[in-house]
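Structure first, commentary second.
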Amino acid sequence: MTGTTRVFKDSSIQTELRALLLFASIFALVLACVGFGIHERTNFRRGMVRELTALAETLGANTAASLTFDDARSATEMLGALRAEQNILGARLFNSRGEVFAEYRRARLPGEFTMPALRAEGTYFDAQSVALFRSVSIDNEKAGSIAIVSDLSGFRAEMWQYVKIASLVLLLAILATYAVASRALRAITGPLLQLAQVAERVSQEENYALRAVPRRADEVGKVISAFNQMLERIQHRDKELKNWNEELEGRVAERTESLRREVDERLSAQDMLSKERRALRALIDNVPDRMYVKDPKSRFVVANAAVARDHGVPSYEELIGKSDFDFYPQQIAEALYHGEQELMRLKQPFYDREVPDTDSNGNQVWMLDTQVPLLNSEGEVAGLAGIGRDITARKNLEIAWQRAKEAAEAASRAKSEFLANMSHEIRTPLNGIIGMTELALDTELTSEQKDYLETVKLSSDALLAVINDILDFSKIEAGKIDLEEVDFDLRECLESALKTLAVRAHSKNLELLCDIAPAVPESVKGDSSRLRQVIGNLIGNALKFTEEGEVSLKVQMESGDAERGLMHFVVADTGIGIPADKQNLIFDPFSQADASTTRQYGGTGLGLTITSRLVGMMGGKIWVESQVGRGSQFHFTVRFKAADQQPRLNTLVPPEPLRGVRVLVVDDNETNRRILDNMLRNWGMRVTCAIGGRAALRELAAAWEAADPYGLIISDVHMPEMDGFQLVAHIRERKDVTSAIIVMLSSARDRGDAERFKELGVAELLLKPIRQSELRAAIARILGVADLQGVPAALAAPATPAGAAPPARAMRILLAEDNAVNQRLARRLLEKRGHQVVVAGNGREALAALEQDTFDLILMDIQMPEMDGMEATAKIREKEALAGGHVPIVALTAHAMKGDQELCLAAGMDDYLSKPIRPQELDELLTKFGRLAPERQVAPMRNES
Amino acid sequence: MRLLALALATTFVAPAGLPGETAGEYAVKAAFLFHFAQFVEWPPGAFKDPASPLTYCTIGDDPFRGVLEESVQGKIVGSRTLQVQHLKEREQIAGCQILFIGAAEKKHLAEDLSVAVGHAVLTVGETENFAQDGGVIGFVVENDKVRFEINVDTAGKAKLRLSSRLLLLAKTVIGNQK
């Protein structure tokens, strides 16, 4: 059946069904035919048998008597009657003994026919004939048997007929079935075929948009609709797939590309790796240092040629797998091994360990060893790596160097001591000279004496300056300078620096100007005295090298960072300038722009050096821009820290009454005009500038006529063509022109000037360079406006030479100073200022004095015999700790070296003065401590009473 | 053919041990006698009752010498048993159904037949012209074969009906056959 099924599988359904139908109908028909055939046959046979039986019976009956009476003849005759039947082939009559009694044979017999032998009663069919055997009996007694044999031709003819008919019918049936089936099937297979065609087309063309034609909703119809649905899905999926495909292809391409690149990279990496390997091997083998890697059991894994050499083996390969035990004596090897094991166990590397050793000749050598444990990716120890270098030479060098260093340090210490001593030794007598000279100048002198003494003073001042410079420079070079970090008023500091030089400027007829930008903070934290020193040096140089014109100081803030502001100072002059090739040299020590300059202008050549060092220490830079014959601009930047307090925040706030007031600024100097213009504009005033007296007068007239007169006139004193006095005189003459308030600015304060201006009705005479606060305060004063809080009274008083105004309060001062000259000097200075002075020669005497009396201030020299200032101060403070009270102690020190100030303050001093004592500084100090001292009448001293 | 001859031969030699042809002849006749009963119908009154046996009689000398008894022994004809009587007296003929008159009885033949006439007795003889002479069946030996002649008139007078089949086998049929 499987064979048939396979055959059927491959042929079309139509054929299948047709074949099936045909097969079915043929089968049915054949079955029917066969059935009927068999039926026919059986019937026929039965008929035949019946016939024969009848015949046999008849004949039997007839021949029974013959048999009985043994009458063969009659029997034969009777049998002969069978002739009539064409089919009967023969008959035999057997007697009771089974012997043939009578027989009949047909005329024409088939060849192989034989007369039957006696058999049992019955019908026997064979291929050609049928033989019937029956018993013949008389009166129920068997007389014999009769056998009749008939041929089957009739039967066969019938059967043949039957077959013919049946075949015909079968054929017709087949044809009919075929035709009908084909017709009928088409109705079923038609749509299926169509479906199949569509499916084929879909597959071939890969066109999923095709659809089968739907038909009625029978099974095939369902298939068709399901098919269509499926196609729908497929179409959709197909689209998706295509998209995915493209994406995948893209990715695959990418991946392939990247893989290819990777492979390339790998190959080249490998290449590089082997190159690197070779290079590394070359490296480590050529490096003179020992390089090695050991495994966790301290056996060599990697070693370079140097290691091999040191171990006395021909190549590093001999070392692999061996350990120190193979090369060193047991004890040493054990120690080394133990060390390495510890290192690996604790994962504790050591770097650059200097290990002493002896070489084969017994000489001391030094090795610089490094060993690090090697960790694998899990952090476990996988061995160690080591480097060893022969540093014997270096070590020797080191030792030599160390010795040299110690020698140098000793030298440096000696130098410092020298400086300290020198500082003291030089300054002390010089102090005496200067002081005494000043004192002498204060006395009654002839003009000749005065002349001489002034020369002496100048000389000693100069000498002091030189010595200070040199000592300063030495200190700086020795690095023994420290900068203070104290809050100070920047403008005050600059002001004081300038004021000391204002006289010099005035004497050379040079304008000295100051322009501080409003953004510059009031207070900063830094070293004011050093700043003053720098400014003093630069301005001093500017004044020195300028014959005419002006010297100006400009300050502004750089780089928006106001926290740690970078302050930019410019000292500009209209002097001789500096040639380009010398501009760098001037900051070098002992050099000046021109060797001749030394002689023409004097100076040690150290000033700028010191200045540049100081600027550097203050965190800034210094540089110069200059043109020969036009002038120079010295720039420097300083980074000050912000002051802890910012008092006086309202410097910049203009006073209300000034707003909108017209002010006329008269000054021949453009810079000055600019400075004032800025200042006044900031206050909201309406500023007009005039370059000289005549222009000023014209302006005034014009304003008067325009009914917008000036409220304030600020004028310079020293101007060409018409100076300040003349201008004021003119203004006063034409009083109708203006009723403005007049303020004069002068670069020098000559005693007579103030009075003259007062007579002319000038409200104020202010000294240049003028500070904003000063000007404002002055104006406020003039306008009758109360001073703004925090603004101090203008320091109208310039720096004056010795012979100062009396102090605010008289104090009782204890002076502890061993040096007689300095004693006298200080005493004179103090007494001149109206204070009471008690002198002690050393610390002990000072303490004794304190026992007996109370003082407002103690001036304590540091270096004194028996008990120095520090000790004394300490003792005083101890006493005060118990008894209470606090007397200000000011140290008098000739040193001013690094650390000295801290020491003084630490010891309990409140302040210090450096020697030689400058009166100005002394005044400041006295003022400071004078304010603190209680008001008192100068009572007579106890020891005097 | 050989078989046929053999079969025929054995037919004649049939009873084992019988001496010569004569013995065989009487065996055949005895057999015929038995078989005649099968082809003959007696009228109803011939038997006393349905169960009474069919009697074969011989009169005078018994030529069969027991062979007749042998040939009818145990057989049944038409549900009647068969018996054989050897009559000494003619008067006993009435009790027989079949009477065989042997050749030895030739002298008395007419008397025998006359006695039998009034009764339904099938008379069988072997003398020449037996049937013509008023017997029913007369044996004739011809070519070593035992044949017989039948007188249907006599049979009719004896109220015996004889099967046509028997008649067909007769050598000669005397009388009118209806």
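In order, the protein sequence lines correspond to chains A and B. Take the first sequence: its letter number 283 is residue 305 in the working numbering, and every next letter is one higher. Take the second sequence: its letter number 178 is residue 1305 in the working numbering, and every next letter is one higher. Where a beta carbon is used, it is the ideal one built from N, C-alpha and C, also for glycine. This one's a predicted model, so the numbers in the text were calculated from it and none came from an experiment.
Residue burial classification, residue i (beta-carbon count within 10 angstroms, cutoff 16)
{"i": "residue 1153 (chain B)", "result": "buried"}
{"i": "residue 597 (chain A)", "result": "buried"}
{"i": "residue 366 (chain A)", "result": "buried"}
{"i": "residue 1198 (chain B)", "result": "buried"}
{"i": "residue 1162 (chain B)", "result": "buried"}
{"i": "residue 423 (chain A)", "result": "exposed"}
{"i": "residue 201 (chain A)", "result": "exposed"}
{"i": "residue 266 (chain A)", "result": "exposed"}
{"i": "residue 334 (chain A)", "result": "exposed"}
{"i": "residue 373 (chain A)", "result": "exposed"}
{"i": "residue 590 (chain A)", "result": "buried"}
{"i": "residue 443 (chain A)", "result": "exposed"}
C-beta neighbour in chain A for residue i, strict 8 angstroms
{"i": "residue 1145 (chain B)", "result": "The predicted model places residue 1145 (chain B) with a pLDDT of 38, which falls under 50 and marks its position as unreliable, so this point remains unresolved."}
{"i": "residue 1165 (chain B)", "result": "yes"}
{"i": "residue 1265 (chain B)", "result": "no"}
{"i": "residue 1287 (chain B)", "result": "no"}
{"i": "residue 1227 (chain B)", "result": "no"}
{"i": "residue 1174 (chain B)", "result": "no"}
Residue from the options with nearest C-alpha to residue i
{"i": "residue 1157 (chain B)", "options": "B:1225, B:1167, B:1260", "result": "B:1225"}
{"i": "residue 16 (chain A)", "options": "A:333, A:370, A:68, A:310", "result": "No answer is possible for residue 16 (chain A): it lies beyond the span of chain A, which begins at 23 and ends at 967."}
{"i": "residue 437 (chain A)", "options": "A:491, A:756, A:502", "result": "A:502"}
{"i": "residue 575 (chain A)", "options": "A:567, A:789, A:560", "result": "A:560"}
{"i": "residue 741 (chain A)", "options": "A:243, A:692, A:882, A:337", "result": "A:692"}
{"i": "residue 453 (chain A)", "options": "A:562, A:272, A:843", "result": "A:843"}
{"i": "residue 1168 (chain B)", "options": "B:1252, B:1293, B:1218", "result": "B:1293"}
{"i": "residue 1208 (chain B)", "options": "B:1235, B:1183, B:1257", "result": "B:1183"}
{"i": "residue 601 (chain A)", "options": "A:648, A:629, A:465, A:479", "result": "A:648"}
{"i": "residue 108 (chain A)", "options": "A:480, A:170, A:142, A:134", "result": "A:170"}
Helix, strand or coil at residue i [DSSP, three-state]
{"i": "residue 532 (chain A)", "result": "coil"}
{"i": "residue 641 (chain A)", "result": "coil"}
{"i": "residue 80 (chain A)", "result": "helix"}
{"i": "residue 400 (chain A)", "result": "coil"}
{"i": "residue 1301 (chain B)", "result": "strand"}
{"i": "residue 310 (chain A)", "result": "coil"}
{"i": "residue 1292 (chain B)", "result": "helix"}
{"i": "residue 135 (chain A)", "result": "coil"}
{"i": "residue 220 (chain A)", "result": "helix"}
{"i": "residue 926 (chain A)", "result": "helix"}
{"i": "residue 236 (chain A)", "result": "coil"}
{"i": "residue 562 (chain A)", "result": "helix"}
{"i": "residue 431 (chain A)", "result": "helix"}
{"i": "residue 316 (chain A)", "result": "strand"}
{"i": "residue 915 (chain A)", "result": "strand"}
{"i": "residue 1163 (chain B)", "result": "helix"}
{"i": "residue 119 (chain A)", "result": "coil"}
Test: residue i CB closer than 8 angstroms to a CB of chain B
{"i": "residue 98 (chain A)", "result": "no"}
{"i": "residue 135 (chain A)", "result": "no"}
{"i": "residue 88 (chain A)", "result": "yes"}
{"i": "residue 160 (chain A)", "result": "yes"}
{"i": "residue 155 (chain A)", "result": "no"}
{"i": "residue 148 (chain A)", "result": "no"}
{"i": "residue 91 (chain A)", "result": "yes"}
#### Entry: Interface positions of the region 1181-1214 of chain B facing chain A (Cβ-Cβ less than 7 angstroms), listed along the chain
1204, 1205
Short-range partners of chain B found in the region 53-74 of chain A, where Cβ spacing is below 7 angstroms
none
>> Short of 8 angstroms Cβ to Cβ, which residues in the region 1236-1260 of chain B face chain A?
In response: none
Item to check | Chain-ordered residues of the region 1288-1299 of chain B with a beta carbon less than 8 angstroms from chain A | outcome: 1290, 1292, 1293, 1295, 1296
Handout entry: Members of the region 101-121 of chain A near chain B, C-beta cut-off 9 angstroms
Key = 116, 117, 119, 120, 121
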